[in-house]
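Q: Residue numbers are given in UniProt numbering: position 346 of the sequence shown equals residue 346, and the series is strictly consecutive.
One structure follows; several queries about it will come next.
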Amino acid sequence: MRTSLYIFLFALFTNCLYAQVSDFASTDFTRADKVAQLHRGASLENLPVLAHQLTSTLSTDVEKFRAIYIWVCQNIKGDNTQFTKVNKKRKKLQYDSISFMRWNQEYKKTVFKKLLKRKKTMCTGYAYLIKELCYLANIPCEIVDGYGRSVASNIKELEMANHSWNAIQLNNKWYLCDATWSSGYLNEYNSFVTAYNDGYFLTDPFLFGKNHFPLEQKWLLNAQVTATGFVEAPLVYGETFENNITPIHPKNMDISINKNDEITFSFKSANNVLNKNIALVHYVGSEEKTLKIDNTKKVDNIISFKHTFKNRGIYDTHLKVNGDIVATYIINVKKSDSKSNIAFHQN
Numbered sequence: 001m002r003t004s005l006y007i008f009l010f011a012l013f014t015n016c017l018y019a020q021v022s023d024f025a026s027t028d029f030t031r032a033d034k035v036a037q038l039h040r041g042a043s044l045e046n047l048p049v050l051a052h053q054l055t056s057t058l059s060t061d062v063e064k065f066r067a068i069y070i071w072v073c074q075n076i077k078g079d080n081t082q083f084t085k086v087n088k089k090r091k092k093l094q095y096d097s098i099s100f101m102r103w104n105q106e107y108k109k110t111v112f113k114k115l116l117k118r119k120k121t122m123c124t125g126y127a128y129l130i131k132e133l134c135y136l137a138n139i140p141c142e143i144v145d146g147y148g149r150s151v152a153s154n155i156k157e158l159e160m161a162n163h164s165w166n167a168i169q170l171n172n173k174w175y176l177c178d179a180t181w182s183s184g185y186l187n188e189y190n191s192f193v194t195a196y197n198d199g200y201f202l203t204d205p206f207l208f209g210k211n212h213f214p215l216e217q218k219w220l221l222n223a224q225v226t227a228t229g230f231v232e233a234p235l236v237y238g239e240t241f242e243n244n245i246t247p248i249h250p251k252n253m254d255i256s257i258n259k260n261d262e263i264t265f266s267f268k269s270a271n272n273v274l275n276k277n278i279a280l281v282h283y284v285g286s287e288e289k290t291l292k293i294d295n296t297k298k299v300d301n302i303i304s305f306k307h308t309f310k311n312r313g314i315y316d317t318h319l320k321v322n323g324d325i326v327a328t329y330i331i332n333v334k335k336s337d338s339k340s341n342i343a344f345h346q347n
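Okay, here's the thing in structure tokens:
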């Protein structure tokens, strides 16, 4: 009974707090997407002309922004060479932020030149281009600098700021998006693959805060994420955003429990998810093993289930939805007489 009440209250809270995510649920973006497709390959040499081409036939600001966003994501490629160079310099000057900022300001000239000439860039270029096109379309837009969390960065603590994205004002409300991570990914050969991910477009601030932490706290919007909570949370992935999944519980990635302890896992989904498409797995080497799921419940858009860890060991554990890994936990199961760092039983 307490579990159901907890889930109900959490659902009520999140639905009120993040209702803006569904503000445009009834908007048909087909026309805006077609406009972006029509001007595929257009030049960046004259941004006012491009902005006019992308927005002049659309009636609402959200459609205009959609056309701009889709065009940028589908026409600009990520540049791993630039990212690697900046990352190396950032690490080299990690204790001299003034020198890094001075170097970075100068290097931006190279970044923007390559963006305009070759349509290749890193996050700074994506965010800059989104802002400039929005400015020309009279849509308020800001560049947000901060920390992007991935398997390679900001895992245990906040390192130097390493990412940029945008905040956009539509109908007097601010929204978040990340054109860099929407545009594609690097494959195993470090080559950029264009693969649009709509999950980073006008994202729920609570979900966005799972792997974005801004330098200016106001750009958390109403997510209420702390720096500590950010680096201790479960890892999420592009597939998390594609499936529109927000992990809720457990709140930490690293968990220490006793043998035979039961853990409740829960997540919020904007889409209907069948029980058969929910899985909890762990890896032993490269072998994937399925963990038994018990007591699956759905209350509104919150889904929860339980698993009892009956054997000692360290479990590289992953929540899978629709076949995709959407959250990662490292669970250390100790002897029964050990003290766990958190209580997971619920009546």
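Glycine included, every Cβ here is placed at the ideal spot set by N, Cα and C.
Given the structure is predicted, the values throughout are model-derived calculations rather than measurements.
Would you mind working out which of Met160, Thr203, His212 and Phe309 sits nearest Ile98, comparing C-alpha positions?
A: Measuring from the Cα of Ile98, the nearest candidate turns out to be Met160.
Q: DSSP puts Asp294 in a beta bridge; with which residues?
A: Beta-bridge pairing links Asp294 to Lys306.
Q: Here's the rule I'm using: 16 or more other beta-carbon atoms within 10 Å means buried, otherwise exposed. How should Lys131 be labelled?
A: Flag for Lys131 reads buried.
Q: Is the number of C-beta pairs between the stretch 203-218 and the stretch 172-192 that are closer than 8 Å three or more?
A: At 8 Å Cβ cutoff, the stretches touch.
Q: What are the partner residues of Asn62, as DSSP defines its beta bridges?
A: According to the sequence displayed, residue 62 carries Val and not Asn. Looking at the DSSP assignment, Val62 forms no beta bridge with any residue, so it has no partner.
Q: I need the DSSP call for Phe230, collapsed to helix, strand or coil.
A: Phe230: helix per DSSP, three-state reduction.
Q: Relative to the C-alpha of Lys113, which residue among Lys289, Asp79 and Trp165 is closest?
A: Closest option to Lys113, Cα to Cα, is Asp79.
Q: Mapping the DSSP letters down to three states, classify Asp261 as helix, strand or coil.
A: Residue state, collapsed to three classes: strand.
Q: Quick check on the DSSP output: what are the complete alpha helix (DSSP H) runs of length 4 or more inside the stretch 184-247, in order along the chain?
A: Counting whole runs of 4 or more residues, the stretch 184-247 contains the alpha helix (DSSP H) stretches 205-208, 227-232 and 238-242.
Q: Could you pull the start and end residues of the alpha helix (DSSP H) that Glu132 belongs to?
A: That run of the alpha helix (DSSP H) goes Cys123 to Leu136.
Q: Tell me Lys120's beta-bridge partners as DSSP assigns them.
A: Bridge partners of Lys120: Lys77.
Q: Between Ala279 and Thr290, is the Cβ-Cβ spacing less than 8 Å?
A: Yes, they are a contact pair.
Q: On a Cα-Cα basis, can you pick out the residue from Ala51, Asn222 and Leu58 that is closest to Trp71?
A: Closest option to Trp71, Cα to Cα, is Ala51.
Q: If you draw a straight line from the alpha carbon of Lys292 to that of Tyr189, how long is it in whole angstroms?
A: Going by the C-alpha atoms only, they are around 36 Å apart.
Q: Consult DSSP for Thr3 and reduce its assignment to one of helix, strand or coil.
A: Here the model assigns Thr3 a pLDDT of 39, short of 50, so the residue's position is not dependable and the matter cannot be decided.
Q: Locate the beta strand (DSSP E) running through residue 376, then write down its first and last residues.
A: Here the chain has residues from 1 to 347 only, and residue 376 is not among them.
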